[in-house]
Amino acid sequence: MRFKRLLTAGVAIAAVLSMAAPAAAISGGERAAPGEFPWAVRLLPVGCGGSLIHPQLVLTAQHCVDEQPGDSFTVVSGAVDLESPRRTVTRSTAVAGGTAWWDGPDWAVVKLEKPLGLPTLRIATTPRPVRTFTVAGWGRQTWEAPQERFLRKVELPYLADEQCFDDPWWIENPEYPRATICARSVNRKSHCGGDSGGPAVHRLPHGVWEQIGIVSSGSDCDWDAGEEPRPNYTDVAYFSREIQRAARQLLATR
């Protein structure tokens with residue numbers, strides 16, 4: 004398996020095992036309906052996704068915000084169309100999260116300058132047995148395509164650890180499998196670059212969406228090269244205590 008940490012908005016990010024070429028975004032999916040994922044947000048200028056887990060907090064990937072000031076981001080929310088006059092644009096004020104995303108803790112919490120009047124997304128605190136989950140984002144549909152104006156979604160089958168982590172690197176770095184969940188790409192369906200940081204979700208029995216993963220790595224949608232990706236997601240339940248602790252710390256600061 005080729006290990007890749009997705010690239011965002013054309014910004015090159017170092018990969019641990021090999022140098023990665025630019026990645027792409029939701030491939031083989033469809034447009035999300037207005038209001039379907041009201042907690043999905045776009046993080047600029049890095050070109051990443053995120054989810055509103057509190058009126059004033061966004062959950063995203065650490066590699067989206069790595070080594071950048073916490074007040075340097077703009078969050079677009081409230082619309083599936085990034086150019087909609089109904090969208091809301093909000094500045095960030097601070098960031099807390101993982102410190103070495105190549106070792107697995109690829110999550111970060113971004114604090115906004117003010118609370119948003121939007122629904123928030125529940126995060127998983129215990130592992131869930133799922134067969135499929137849904138990923139949403141504004142990333143590219145193919146390798147060289149531009150990032151999308153409209154939010155898209157794709158449903159992917161869950162891939163068991165023993166099928167995903169069969170590369171010798173995983174044996175030497177056991178923390179990564181424990182901190183990661185995988186999907187299987189079918190019929191050129193996957194997340195891609197520009198989807199980094201976005202939510203992987205599933206519905207609970209009573210119909211409420213819950214976030215189980217954060218788009219992290221494993222796919223660049225280079226279908227012409229014969230790629231068979233195994234998309235990787237930060238396991239939200241595994242890091243739920245750390246995420247909640249970071250959220251509390253950010254909310255306690257002005």
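Numbering (our numbering), first residue to last: 4 to 257.
The beta carbon of each residue, even a glycine, is placed where N, CA and C say it ideally should be.
Predicted model only: the values in this text are computed from it and were never measured.
- When rounded, the separation of the alpha-carbon atoms in glycine 120 and leucine 60 is 12 Å.
- Around glutamine 71, the same chain offers no residue with a beta carbon nearer than 6 Å, after the five sequence neighbours per side are excluded.
- Every alpha helix (DSSP H) of 4 residues or more that sits fully in the region 175 to 221 is shown, in chain order, as 178 to 181.
- Counting only the Cα atoms, tryptophan 212 lies some 26 Å from alanine 97.
- Distance between serine 30 and serine 193, taken at the CA atoms: about 5 Å.
- Shown here for aspartate 74: same chain residues with a beta carbon closer than 8 Å to its own, the five before and five after excluded, namely Arg94, Ser95, Thr96, Ala97 in chain order.
- Within the same chain, Cβ atoms closer than 6 Å to the Cβ of phenylalanine 153 are found at Arg34, Val83, Asp84, the five residues on either side in sequence being excluded.
- The shortest C-alpha to C-alpha distance from isoleucine 215 to any of Cys195, Ala186, Gly197 is the one to Ala186.
- Beta-bridge annotation (DSSP): proline 160 is paired with Thr135.
- For glycine 50, the number of other beta carbons within 10 angstroms of its own is at least 16, and it is reported as buried.
- Secondary structure note for serine 243: its alpha helix (DSSP H) is the uninterrupted segment 243 to 255.
- Residue pairing for aspartate 84: DSSP places it in a beta bridge opposite Phe153.
- Excluding the 5 residues flanking it on each side, arginine 90 has same chain C-beta neighbours closer than 6 Å at Val79, Gly81, Ala82, in chain order.
- By the criterion of a C-beta distance shorter than 6 Å, valine 68 is surrounded in its chain by Val98, Ala111, once the five residues flanking it on both sides are discounted.
- The continuous stretches of beta strand (DSSP E) do not include cysteine 224, and DSSP gives it neither H nor E.
- Distance from the CA of threonine 128 to the CA of glutamate 245, rounded to the nearest whole angstrom, comes to 11 Å.
- Nearest to tyrosine 241 by C-alpha distance, out of Gly52, Gly32, Asp109, Leu55, is Asp109.
- Between glycine 100 and glycine 201, the gap from beta carbon to beta carbon reaches 8 Å or more.
- With contacts defined by Cβ atoms closer than 8 Å, valine 44 and phenylalanine 76 do not form a contacting pair.
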